[in-house]
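Asker: Protein chains in written order, with the working numbering: chain V, 1 to 299; chain D, 1001 to 1329. Every residue, glycine too, gets a C-beta built ideally from N, C-alpha and C. This structure is a prediction, so every number in the text was calculated from the model and none was measured. My questions will all concern the structure given below.
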Amino acid sequence: MKISLGPIYYYWTKKKVLDFYDEIADTPVDIVYLGEVVCSKRNQLMLSDWLSIAKKLKDAGKEVVLSTLILIESDSELKRLTRVCKESEYLIEANDFAAINIMRKQNKSFAVGPNVNIYNAPSLNMLAKSGLKRWCFPVELSKFTLQEIINTADTNVEVEVFVFGSLPLSFSARCFTARAYNSDKDGCKHICLNHKDGLLVSTQEQKPFLIMNGIQTMSADNFNLIGQVEVMNSMGVNIIRISPQFNNTSKVIEVFKDRVENIISNYEAQESLATLSEVPQCDGYWFEKEGMCRVEPIQ
Amino acid sequence: MELVCPAGNLPSLKAAVDNGADTVYIGFSGETNARHFSGLNFNEDRAKQGVEYAHSRNKKVYVAINTYPQPSIWGRWTEAIDISVKIGADAIILADVGLMEYATKKHPQLNLHLSVQGSSTNHEALDYYHENFNIKRAILPRVLSVAQVKKTISNTPVDIELFGFGSLCVMVEGRCILSSYVTGRSPNTYGACSPASHVEYLEHETRLETRLGGVLIDSYKKNETAGYPTLCKGRFESMGSTYYALEEPTSLNALDILPELKSIGVKAIKIEGRQRSPAYIQIVTKTWSEAIKQLDSGNYKTKQEWNIALAEVSEGLQTTLGAYHRSWQ
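Okay, structure coming up:
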């Protein structure tokens, strides 16, 4: 099984992003998804910046995939998307049917991220006919559904599973971070830069609940399927995806790599991750339960 | 413009038809559609009666089959498509590409509409469904500004239907799993958001709490009116303030921009609320039908009485233009 690093959902300074991927180049990660996927107003890095990071990572032996915007509303966003989709050197991750359509028209294969709704084998087969090469399984579905799809799909599409990170739960036209500052999207002043792992939302009982990240809402708890690495391998999962956080991402990759190679036990891996992620862990979706619940005991 | 009204049962369907709807959209009982409520929706027989009632008055019926089937229960969705054809539905409203493929192959003459749950917010995405499945119409998510809707319409051969009134989804439909994060059930998988089965109202000495899946969604003082704990419309804390972090309990009402929607080429206006009572359907249908008639007569001005009638049946008793107005975003 290969390990991938998903796109950065948050808005970081250019310097942080460059330093981050310099560090990633030295980790045992196999595949790196690059690009802005949440908000087209974020402009610390331009396409040319992403391409120079891509080259560095490629030279370091990584497979690079260019990831695309999840919510595409305006003409300028479509134009930007089209430019990324024309980059022929790298595989493209489509996160909206706009990207899927552009790739289909170019007769080029593509990957899809976890926010494209493929919930059954006929949908996977249909997308494969349109050029789908790699599929990231939607986070809200269970291992039982994944197994049934793998068993019945009529394609050789690679299967990727989101295994670690704050869950991408929803997208809106509204910028919730700007709203927290009594502003709106047009007047946001790029305030997301102040919130490197997003902006925490708690219940009135002070229980951490959600993360607001611009137009995106995420889980405050950290999704963690480290205990399921062996299971996934036997199910036929090809790639497991880790989602970037501001701190400790390289160390998380190393723990997963050691687990995939069976160098450390489930217990040791859980223990190591517990020191790297301070927030509560969740895994409910994978076991067909509420996403926020924790099924696997930490041992 | 075509007025497309909701119905969760036969009395509602009749109320819609009798009060000026051009079309009524319905769903079958169970999780094949995005209004999966206990005791709501149609079986085959009732749906057939509904279609006959509407057709005999020159009105149309669309069937929403707009959730995303998982493998073990796939057959329920294809069966719903087959029944829709059998009872003579004028179109079916789908979101899932696997079902689109099934419907296109099995029933090539059937009119397909792309559901709002299909999350298509631009003309390239619509082109995918048009090229592959020849969709005739798409319902756009409630996230675009009027300018963005206009641009989309001018670049697609697909007819566009827009939400005009009803409960307001804050998130892009089809791309929100907040509900399953808390309850295990989402619009995509189960056809329900913040399902009643997971709701609790807990009275304390000075406060009333509303919870969903055990999570505190809001807390009301004795003199406040408690609302249904829809997850995205609760009061939460962030940066030291307690407020409606995502959205207030409010409904969409686009009456004020109706002439603009017509002039940019919107083909149909959709009313939300299959889960609402026949009385709601009657009031909303009557009001919107009158508004569209006045618009077609060429002399439109939103009447105060329309807004009052609609406000009375609105969630939270307030209305908004939502994302149609850029400042909401």
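I need the straight-line Cα distance from Leu51(V) to Ile100(V), nearest angstrom please.
Answerer: In the first sequence, residue 51(V) corresponds to position 51, counting from 1. In the first sequence, residue 100(V) corresponds to position 100, counting from 1. Spanning the two alpha carbons is a distance of roughly 21 Å.
Asker: Please list, in chain order, the residues of the segment 183-202 of chain V that have any C-beta partner in chain D closer than 8 Å.
Answerer: Listed in sequence order: Asp184, Lys185, Asp186, Leu199, Leu200, Val201 and Ser202.
Asker: Hey, how far is the Cα of Ala220(V) from the Cα of Val159(V)?
Answerer: Taking the first sequence and counting its residues from 1, one reaches residue 220(V) at position 220. Taking the first sequence and counting its residues from 1, one reaches residue 159(V) at position 159. Rounded to whole angstroms, Ala220(V) to Val159(V) spans 26 Å at the Cα level.
Asker: Which residues of chain V have a Cβ atom closer than 7 Å to the Cβ of Tyr1068(D), listed in chain order?
Answerer: Your numbering for residue 1068(D) matches position 68 in the second sequence. Ordered by position in chain V, the residues that pass the 7 Å Cβ test against Tyr1068(D) are Asn117 and Tyr119.
Asker: Can you pull the chain V residues whose beta carbon is under 7 Å from the beta carbon of Gln1318(D), in chain order?
Answerer: Counting from 1 along the second sequence, the entry for residue 1318(D) is found at position 318. Result: empty, since nearest Cβ-Cβ is about 16 Å, beyond 7 Å.
Asker: Between Lys196(V) and Phe246(V), is the Cβ-Cβ spacing less than 7 Å?
Answerer: One-based indexing of the first sequence puts residue 196(V) at position 196. One-based indexing of the first sequence puts residue 246(V) at position 246. It is a contact, given that the beta carbons lie within the stated cut-off.
Asker: Note down, in chain order, all residues in the segment 218-242 of chain V with a beta-carbon under 8 Å from any beta-carbon belonging to chain D.
Answerer: Listed in sequence order: Ser219.
Asker: Between Val1017(D) and Arg1046(D), is the Cβ-Cβ spacing less than 7 Å?
Answerer: As a working mapping, residue 1017(D) is identified with position 17 in the second sequence. As a working mapping, residue 1046(D) is identified with position 46 in the second sequence. Their beta carbons are not under 7 Å apart, which means Val1017(D) does not touch Arg1046(D) by this criterion.
Asker: Look at the alpha carbon of Cys293(V) and the alpha carbon of Glu254(V), and state the distance between them as a whole number of angstroms.
Answerer: Counting from one through the first sequence, the residue named residue 293(V) turns up at place 293. Counting from one through the first sequence, the residue named residue 254(V) turns up at place 254. When rounded, the distance between both Cα atoms is 25 Å.
Asker: What three-state label does DSSP hand Val231(V) in the structure shown?
Answerer: Within the first sequence, the letter at position 231 stands for residue 231(V). It is helical.
Asker: For the beta strand (DSSP E) containing Leu71(V), list its first residue and its last residue.
Answerer: Working through the first sequence from its first residue, we reach residue 71(V) at position 71. Looking at the DSSP string, Leu71(V) is not in any beta strand (DSSP E), and its letter there is neither H nor E.
Asker: Taking the alpha carbon of Leu1144(D) as the point to measure from, which residue in Ile1135(D), Leu1162(D), Arg1137(D) and Asn1134(D) has its own alpha carbon closest?
Answerer: Taking the second sequence and counting its residues from 1, one reaches residue 1144(D) at position 144. Of the listed residues, the one whose Cα sits closest to Leu1144(D) is Leu1162(D).
Asker: Evaluate contact between the segment 1159-1177 of chain D and the segment 1097-1117 of chain D, counting only Cβ atoms and requiring at least three cross-stretch pairs below 8 Å.
Answerer: They touch, by the three-pair rule.
Asker: If we ignore side chains and look at the alpha-carbon of each, how far apart do Trp12(V) and Arg179(V) end up?
Answerer: Taking the first sequence and counting its residues from 1, one reaches residue 12(V) at position 12. Taking the first sequence and counting its residues from 1, one reaches residue 179(V) at position 179. Looking at the two C-alpha atoms, the distance is approximately 19 Å.
Asker: Quick one: which unbroken beta strand (DSSP E) runs of 3-plus residues sit fully inside the segment 217-268 of chain V? Chain order, please.
Answerer: You should have 239-242.
Asker: Expressed to the nearest angstrom, what Euclidean distance is found between the alpha-carbon atoms of Leu1246(D) and Cys175(V)?
Answerer: Sequence index remark: in the second sequence, residue 1246(D) carries index 246 (1-based). Sequence index remark: in the first sequence, residue 175(V) carries index 175 (1-based). Cα to Cα, Leu1246(D) sits roughly 9 Å from Cys175(V).
Asker: My understanding is that Ile53(V) touches Tyr21(V), with C-beta atoms under 8 Å, so please give their C-beta distance in whole angstroms.
Answerer: As a working mapping, residue 53(V) is identified with position 53 in the first sequence. As a working mapping, residue 21(V) is identified with position 21 in the first sequence. Contact holds; Cβ gap of about 5 Å.
Asker: Put Asp184(V) into one of helix, strand or coil per three-state DSSP.
Answerer: Walking along the first sequence from the start, residue 184(V) turns up at place 184. Correct three-state label for Asp184(V): coil.
Asker: Is it the case that the Cβ atoms of Leu1231(D) and Tyr1220(D) are separated by a distance below 7 Å?
Answerer: Residue 1231(D) sits at position 231 when you count from the first residue of the second sequence. Residue 1220(D) sits at position 220 when you count from the first residue of the second sequence. No, these two residues do not count as a Cβ contact at 7 Å.
Asker: By the three-class DSSP mapping on this structure, what secondary structure does Tyr119(V) have?
Answerer: The residue labelled residue 119(V) in the question sits at position 119 within the first sequence. In the structure shown, Tyr119(V) sits in coil (DSSP, three-state: anything other than H, G, I, E or B).
Asker: If we call anything under 7 Å between Cβ atoms a contact, is Ser1251(D) one with Thr1319(D)?
Answerer: Translated into positions along the second sequence, residue 1251(D) becomes position 251. Translated into positions along the second sequence, residue 1319(D) becomes position 319. The answer is yes: Cβ separation under 7 Å.
Asker: Between the beta-carbon of Gln281(V) and the beta-carbon of Asn224(V), is there less than 7 Å?
Answerer: Here residue 281(V) refers to the residue found at position 281 when the first sequence is read from its first residue. Here residue 224(V) refers to the residue found at position 224 when the first sequence is read from its first residue. Yes, these two residues count as a Cβ contact at 7 Å.
Asker: For chain D, check one thing: does any of its Cβ atoms lie closer than 7 Å to the Cβ of Gln204(V)?
Answerer: As a first step, residue 204(V) is located in the first sequence; it is residue number 204 there, counting from the start. So, interface residue.
Asker: Got a sec: is the Cβ-Cβ distance from Lys289(V) to anything in chain C below 7 Å?
Answerer: Given the protein chain composition of this structure (V and D), no chain C is represented.
Asker: Helix, strand or coil, according to DSSP, for Arg104(V) in the structure here?
Answerer: Within the first sequence, residue 104(V) is the residue found at index 104, counting from 1. In the structure shown, Arg104(V) sits in a helix (DSSP, three-state: H, G or I).
Asker: Go through its chain and collect everything with a Cβ distance to Ser142(V)'s Cβ below 7 Å, but skip five positions before and after it.
Answerer: Locating residue 142(V) in the first sequence gives position 142, counting from the first residue. Tyr285, Trp286, Phe287 and Glu288.
Asker: So, is the C-beta of Lys1330(D) closer than 7 Å to a C-beta in chain V?
Answerer: Shown here, chain D extends from 1001 to 1329; a query on residue 1330(D) therefore has no answer.
Asker: Let me know the alpha helix (DSSP H) ranges lying completely inside the segment 1057-1094 of chain D, each 4 residues or longer, listed in chain order.
Answerer: Runs found: 1074-1086.
Asker: Going along chain D, which residues have a C-beta under 8 Å from Asp154(V)?
Answerer: One-based indexing of the first sequence puts residue 154(V) at position 154. What Asp154(V) touches in chain D: nothing, since even the nearest Cβ is about 12 Å away.
Asker: In whole angstroms, what is the alpha-carbon distance linking Glu1101(D) and Gln1109(D)?
Answerer: Position 101 of the second sequence, counting from 1, holds the residue named residue 1101(D). Position 109 of the second sequence, counting from 1, holds the residue named residue 1109(D). Rounded to the nearest angstrom, the two C-alpha atoms are 13 Å apart.
Asker: Taking only three categories from DSSP, how would you classify Asp30(V)?
Answerer: Sequence index remark: in the first sequence, residue 30(V) carries index 30 (1-based). Asp30(V): coil per DSSP, three-state reduction.
Asker: Does any residue of chain V bring its CB to less than 7 Å from the CB of Val1158(D)?
Answerer: Numbered from its first residue, the second sequence carries residue 1158(D) at position 158. No, Val1158(D) does not count as interfacial toward chain V.
Asker: Please confirm if Met292(V) has its CB atom under 7 Å from at least one CB of chain D.
Answerer: Mapped onto the first sequence, residue 292(V) falls at position 292. Yes, because at least one Cβ of chain D sits closer than 7 Å to the Cβ of Met292(V).
Asker: Does DSSP put Glu1315(D) in a helix, a strand or coil?
Answerer: Walking along the second sequence from the start, residue 1315(D) turns up at place 315. Helix, per DSSP.
Asker: Cα-Cα, which of Arg42(V), Pro28(V), Glu268(V) and Pro7(V) is closest to Asn194(V)?
Answerer: In the first sequence, residue 194(V) corresponds to position 194, counting from 1. With distances taken between Cα atoms, Asn194(V) lies closest to Arg42(V).
Asker: Quick check on Cys1176(D): does DSSP put it in helix, strand or coil?
Answerer: By one-based count along the second sequence, residue 1176(D) stands at place 176. Strand, per DSSP.
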